[in-house]
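**Q** For reference, the structure I am asking about is given below.
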Amino acid sequence: MTCALSIGKGTDLYITLTPDGQATGYNGHVDLGTGIEIALAQIVAEELDLPLSAVAIRLGNTAETPNQGPTIASETIQVAARPLRLAAAQARSWLVTQAALRLDAPAPEIETRDGACHWSGQSLPYAALLQNHAERLELDEDQPVKDPALYRVVGQPAGRRDLEAKLRGEHEFIQDVRIPGMIHGHVIRPPYAGRDSGDFIGRSLAGYDESSVRHMPGFLGIHREADFLAVLARTAPEARAIAEALKVDWHLPPPLPWMDEIVETLKDQPSTPRLLVESGDIETGLAEAETRLDRRYVWPWHLHGSIGPSCAVADWNEGTPVVWSGTQNPHMLRGDLAVLVGLPDEQIEIRRHQAAGCYGRNCADDVAGDALLLSRACGRPVRVQLTRAQETLWEPKGAAQLMEIRGGTKAGDLHAYDFASWYPSNRGPNLALLLTGRISPEPRPDTMGDRTAVPPYRIPNARIVAHDMAPIVRASWLRGVSALPNTFAHESYMDELAHEAGEDPVAFRLRQMDDPRQAELVKKTAEDAGWQAQSGPRLRREGRMAYGQGFAFATYVHGPFPGVAAASAAWVVDVAVDCETGEVTLSRVFVGQDQGLVINPDGVRQQIHGNVIQTASRVLAEEVSFDEIRVSDQSFADYPITTFPQLPEVQTMVVARPGDPPLGVGESAAVPAAAAIANAIFDATGVRMREVPFTPEKMRAAMGVSSAPEAPALPAPDRRPLKAKLVAGAIGLMGLAGLGAVSLPLARAIAPVVPSVSASAEELARGQMLFAAGNCASCHTAPGGAPNAGGKPIETPFGTVYSTNLTPDPETGLGRWSFPAFARAMRKGISRDGRNLYPAFPYTSFAGMEEADLKALYAYLQNLDPVFAKTPEAQMQVPRPAMAAWNLLTPRATATVADPAQDALWNRGRYLVETVGHCSACHSPRNALGAEDPRQALRGATIRDWFAPALAGPEAGARGWDVDSLTTYLATGTAPGLSAASGPMAEVIAGTSQLPGDDLRAMATYLASLAEGTAAPSAPAMQPLPDRIHRLYESACASCHEPAFDGMVSAAQVPLSQAPALRAPGPETARTVIREGLRAPDGTALRDMPGFAAELSDSDIAALARYLRARYAPELSEWD
Amino acid sequence: MVQDELELTLNGRAVTCRVPEGLSLLDLLREDLGLNGPKYGCGLAQCGACTVLVDGAPARACVLRARKVAGRAVTTLEGLADPETGALHPLQQAFLSREGAQCGYCLNGMIMSARALLDRIPDPTEDEIRAALRHNLCRCGAHLEIVASVREAARLMREDGGAA
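Chains L and G, in that order, are what the protein sequence lines are.
For the first sequence, position 135 matches number 135 in our numbering, and the numbering has no gaps at all.
For the second sequence, position 69 matches number 69 in our numbering, and the numbering has no gaps at all.
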């Protein structure tokens, strides 16, 4: 519909009205996930006297909204909404003027209400006034606006507009944008994760090998510009798989400074002091102070931690690109993209979509650069979705910060305050600009460390200095910016001074405050929250718990110094400290807030809640970790955020000031958080926390509570530890090899034949059953290869062998094998051509099979579909002829003689277990020659990093297996409450699950008879002291291993207290499972587990295995 | 890559698709079947944004291979509203009236997990709600509104006689 009236400034448009009487407001800011759209609509509806439903708001699209800067500093309502409000008021004036003409009425007497002008009993709807107009008015900056006393829409709760579509799954988040013809890019980031300055940036990619991925499904291409590297594919999963498989060589980046030592690291970096305030004489003031306190406060690096990693779509569109983005800063992004691809700003259009909650400069802009580079390269629309790890590693962090204060009181009042702050952060140059070398990777200091650097108190002698410095790792604005750490320092220090003075901290603050509005908020918050006056730590204890209350206050001042004040907020927080574990629990947070006029009370309350919960999480638990080179956290596993059980009760008190202008509320309630909590901890325990986060470990250390000493960091675990252990065995076998070569004849070949393939249906069925019982398909099928055609690599302590082709292909399979040749291979491990087979093929077990069974199996194999597939050559340290000697030294299964003392079922079971089932191949320990040890048959063994638990003896008995549970297990892979098959055993279950019930019961009967003793109840899980590895378990493992719901389909099937991997003699299996995960065979009810090799360091995996052993198998010896 | 035909029931409708061996259920739903309800957040079952129901039980679709749901009934956020009238499920109504979201990216997981909770415990206490959602992450801090929404949904469902 064409516009009847539009109001703007120059080329910027703020409001349009269409002839149907509907209004649309335009704002260059965006919705970061707060529902700001409805508040803006309320402002327009109010000034225009339109029903809220007649107002639409357009946010952030560069083609239609004005450039109002980035959506930062809680400015949308306070600053960016101003022209919108003026324009709406101006539109109303215009409508009134039109009505006055039409009604021949004096304009001041015309009332506007519900989208119509009313005068003297007559009404004219806006629609009627707008017909046949096409007016464009310049915004009148002096336009009078409505008296807030007359507000009807502003100040009332109004429901969010985007919520219903989100609830139906119909809202188009940026991650949901799909463009016709779109393909998918997946970026491959350099190894210097999270870094943005230094000569190596943009110069570290040595090369990549396209041939390593060109054959993969969906492959469309690779694109490189300096250190920018990405693959293109048809679908997103294909793109990701290709990117992960691509062989890439990077130069090793130089090390980072020692990031754990924030104080030294920040002070060692170049910085420029900037004097913000100087009043009185600081040195004299300090000298005059009767109580002197010099203090240092430290803030860590934090993540934004948006739940959805960033995503963008770009369409090069023949040089007039359109970019779909979740950016916080559409116009700033457009400028960056213009530099990136060398186009004028106006030629690029940004279409802004909502993303997952945005709390500052995350990767949203970076990924838009990625997508645009790729679309330009291939000429098609390209979508790029970052992974969780990419977002976490590369997002510009909330910067660490150091605050130092020298100061003191005189006559009980604040007398001198010398404050200095170091804040290594800037505006986050677009990553694509850096990686491609479009901008130089020089350190870029900025000036954002000065936010709320001045405390809200009367200070006779003050010096306030911000040390401007470049980031050390990418760092930019995150909710509360530098104001949050600065206030942590100011408000902790005020508490420390009050304590020194023996005065109540609220009363002490009030005496130093000049601003009555701030003082009123402090007083009212303390009163309404039930503040308990204190003149020192009260140390209230009940058992192991200590209870305390803390207060803090801040007026959040943002923008370039001296800045603009947003809403003020005060906290009263009640904490409980567990004096044994060091855990701090917030039981209640009371927030009083003064934001002037409230536009939407629901929105204000939700912002307070969000600020409290998010900031409490940052203060109590969060800090980014680094290794020598880069950021090391990759997911919520090593960077846990708060969860529902930790929620405090939150109470809010919003001061009603409808006559004052509305102030931003997006961050204010966060700002007092850290100091209030630290002050409450002090009241509870007498311990003063000056370094965020207040983790249980830090609390224990501060309180002098002894914790179990941390185990020393382990060297990276050997991926194949068994290899090293068995070197001695291998050497012994090599010795034998020499002997064998001299004195032992090799077997003769058996002539090739064209085998008869006739067999009865009964015989074929029997063969099929044996084939399943022997789990032949699992070893004889290569990953992704044709069934039973061999080629699967099998690693042994002596090298790698490849399974053979079992199909009746004449050239590469068993197609020329006679039955005697087959029987000889099964019993003696000798191939048709006379060569010895390596005992990865369990012929020592198969030797005991009955002739009739071998015939049935042979017939079954000869009736498979032939597949041409050559078996790769084995890569072994032992020559094949040596196996002849090995064979002489190795006993064979002799299960064919029935034990008359046992019944037929048991004997059948023994036969299946000991011959075709070859259970001993994994479950029996092997001797130095790699042969099964008959004295230890089925007593449990570790094989290829997997632990095969004992099936015989007291260990088996203690686990509580019986015939029924064993039968169920062999049939399904799970025995409820006892075990779920994983790893190689899951493959075995894929075979046994096809066996007839009688045979399963027979195997179970025999296996149950091997167990000795009675079931021992498993020891209760040990409750560990909370530390980093405990948190890692809780955030990475517990969702599946202690799921919130019984029957969760993706969760582990048995509790960890039953996991064989945790009951193995050594940690190898547990580490392997954590590292590589589990892949359960299709067609079974067994489940997968994701691997964590890419997410967790080797030392964390080793520590996690140790933690799990100690927690879930406390009765067994601890692992190293 | 070996591909097989996979049959499942998705939000009450029979679906057949070709699925590569390693494809996650989340990728199948989002990339192949074009759904937007389940969200990618972490890919490691840490955040819960991808939660769907499989035969009524919750599952993290990011770590569940599509082939593992062969023959089973998958319900996503899109399948909660009344298929005939489009009327919102009581959980959706409650999250709307109590504004149980800020950005709403985690909303899918909260609602699908809450659905599983209310199926098992029709009148949960606040502690039971918190425990049921303990592995669902929200970064905006909408937790209090989410808990209130679940309580409201429980009330609505009781008033409906548990019909939903």
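Note that beta-carbon positions come from the ideal geometry of N, C-alpha and C, so glycine has one too.
Please tell me whether Leu137/G and Gly48/G are closer than 8 Å, where the distance is taken between their beta carbons.
**A** Yes, the pair counts as a contact, with Cβ atoms nearer than the cut-off.
**Q** Less than 8 Å separating the beta-carbons of Tyr423/L and Ala462/L?
**A** It is not a contact, given that the beta carbons lie outside the stated cut-off.
**Q** Leaving out five residues before and five after Tyr1006/L in sequence, what residues of the same chain have Cβ atoms less than 6 Å from its Cβ?
**A** Excluding positions up to five away in sequence, the list reads Trp906, Gly909, Arg910, Val913.
**Q** List the residues of chain L that Glu145/G touches, going by C-beta distances under 8 Å, in chain order.
**A** The answer, in chain order, is Gln606, His609.
**Q** What's the C-alpha gap between Glu851/L and Gln877/L?
**A** Approximately 34 Å, taken between the alpha carbons.
**Q** Is the stretch 202 to 220 of chain L in contact with the stretch 249 to 265 of chain L, if contact means three or more CB pairs nearer than 8 Å?
**A** Judged by Cβ distances under 8 Å, the stretch 202 to 220 of chain L makes contact with the stretch 249 to 265 of chain L, as three or more pairs qualify.
**Q** Quick one: give me the first and last residue of the beta strand (DSSP E) that Met653/L is part of.
**A** Met653/L -> beta strand (DSSP E) spans 649 to 654.
**Q** Any beta carbon from chain G within less than 8 Å of Pro190/L's own beta carbon?
**A** No - not a single Cβ of chain G is within 8 Å of the one on Pro190/L.
**Q** Closest Cβ-Cβ distance between Val54/G and chain L: below 8 Å?
**A** Yes, Val54/G counts as interfacial toward chain L.
**Q** Going along chain G, which residues have a C-beta under 8 Å from Phe1045/L?
**A** Residues of chain G passing the Cβ test: Ala57, Pro58, Ser113, Ala116, Leu117, Arg120, Ala132.
**Q** Would DSSP call Gln1058/L helix, strand or coil?
**A** Note: Gln1058/L maps to helix in three-state DSSP.
**Q** Hey, does Ala49/G have any beta-carbon neighbour from chain L nearer than 8 Å?
**A** So yes, Ala49/G belongs to the interface.
**Q** Around the Cβ of Thr11/L, are there at least 16 other Cβ atoms within 10 angstroms (buried) or fewer (exposed)?
**A** Burial call: exposed.
**Q** Could you check whether Leu372/L and Pro456/L sit closer than 8 Å to each other, using their CB atoms as the reference points?
**A** Not a contact, by the Cβ cut-off of 8 Å.
**Q** Quick one: is Met469/L buried, meaning 16 or more other Cβ sit within 10 Å of its Cβ, or exposed?
**A** Buried.
**Q** Give the interface partners of Ala101/G over in chain L, defined as CB-CB distance under 7 Å, in chain order.
**A** Within 7 Å Cβ-Cβ: Leu163, Lys166.
**Q** Could one say the Cβ of Val15/G lies closer than 8 Å to chain L's Cβ atoms, at least one of them?
**A** Not closer than 8 Å to any Cβ of chain L, the Cβ of Val15/G fails to qualify, so no.
**Q** Which whole-angstrom value is the C-beta distance of Pro976/L and Ile77/L, which I expect to be below 8 Å?
**A** Contact doesn't hold; Cβ gap of about 56 Å is too wide.
**Q** Leaving out the 5 sequence neighbours to the left and right, which residues in its chain are closer than 8 Å to Glu126/G when beta-carbon positions are compared?
**A** Closer than 8 Å at Cβ, skipping near neighbours: Val147, Arg151.
**Q** Classify His215/L as buried or exposed, calling it buried when 16 or more other Cβ atoms lie within 10 Å of its own Cβ.
**A** Exposed is the call here.
**Q** Find out if the Cβ-Cβ distance for the pair Met653/L, Gly592/L is shorter than 8 Å.
**A** Against a cut-off of 8 Å, the Cβ pair of Gly592/L and Met653/L comes out as a contact.
**Q** Looking at the unbroken alpha helix (DSSP H) that takes in Ile599/L, where does it start and where does it end?
**A** First-last for Ile599/L: undefined, no H or E at that position.
**Q** Distance, Cα to Cα, Val665/L vs Ala142/G?
**A** So the two alpha carbons sit approximately 15 Å from each other.
**Q** Using the beta-carbon count (16 or more within 10 Å), is Ala1016/L buried or exposed?
**A** That one is exposed.
**Q** Give a yes or no on whether the minimum CB-CB distance between Cys1138/L and chain G is below 8 Å.
**A** An answer regarding residue 1138/L cannot be provided, because it is not within the stretch 1 to 1120 covered by chain L.
**Q** Identify every residue that forms a DSSP beta bridge with Ser421/L.
**A** Answer by DSSP bridge pairing, in chain order: Met403/L, Ala466/L.
**Q** What do you get for Gln122/L, buried or exposed, if any count of 16 or more other CB atoms within 10 angstroms of its CB means buried?
**A** With fewer than 16 Cβ atoms within 10 Å of its Cβ, Gln122/L is classed as exposed.
**Q** CA-CA distance, Leu647/L and Leu1032/L?
**A** Using only the alpha carbons, I get a separation of about 19 Å.
**Q** With respect to the beta strand (DSSP E) encompassing Tyr297/L, which residues constitute its N-terminal and C-terminal limits?
**A** Segment 291 to 299, the beta strand (DSSP E) holding Tyr297/L.
**Q** With a threshold of 8 Å, are at least 3 pairs of Cβ atoms found where one atom belongs to the stretch 108 to 118 of chain G and the other to the stretch 581 to 597 of chain L?
**A** With the cut-off at 8 Å, the stretch 108 to 118 of chain G and the stretch 581 to 597 of chain L do not touch.
**Q** Using alpha carbons as the reference points, say which of Ser421/L, Val454/L, Ile188/L, Asn863/L lies closest to Glu760/L.
**A** In the sequence as presented, Glu is not what sits at residue 760/L; that position holds Ser. The shortest Cα separation from Ser760/L among Ser421/L, Val454/L, Ile188/L, Asn863/L belongs to Asn863/L.
**Q** State whether the stretch 390 to 409 of chain L contacts the stretch 193 to 200 of chain L, with contact taken as three or more CB pairs (one from each stretch) at a distance under 8 Å.
**A** These segments touch.
**Q** Where does Val575/L fall in DSSP's three states?
**A** Looking at Val575/L - three-state DSSP - the assignment turns out to be strand.
**Q** By Cβ distance, which residues of its chain are closer than 7 Å to Ile7/L, with the 5 residues on each side in sequence left out?
**A** Tyr14, Ile15, Ala87, Gln90, Ala91, Leu137, Leu139, listed in sequence order.
**Q** What is the DSSP secondary structure of Ala245/L, counted as helix, strand or coil?
**A** Ala245/L: helix per DSSP, three-state reduction.
**Q** Just to confirm before moving on: does the CB-CB distance between Leu96/G and Glu172/L stay below 8 Å?
**A** Contact flag unset, no.
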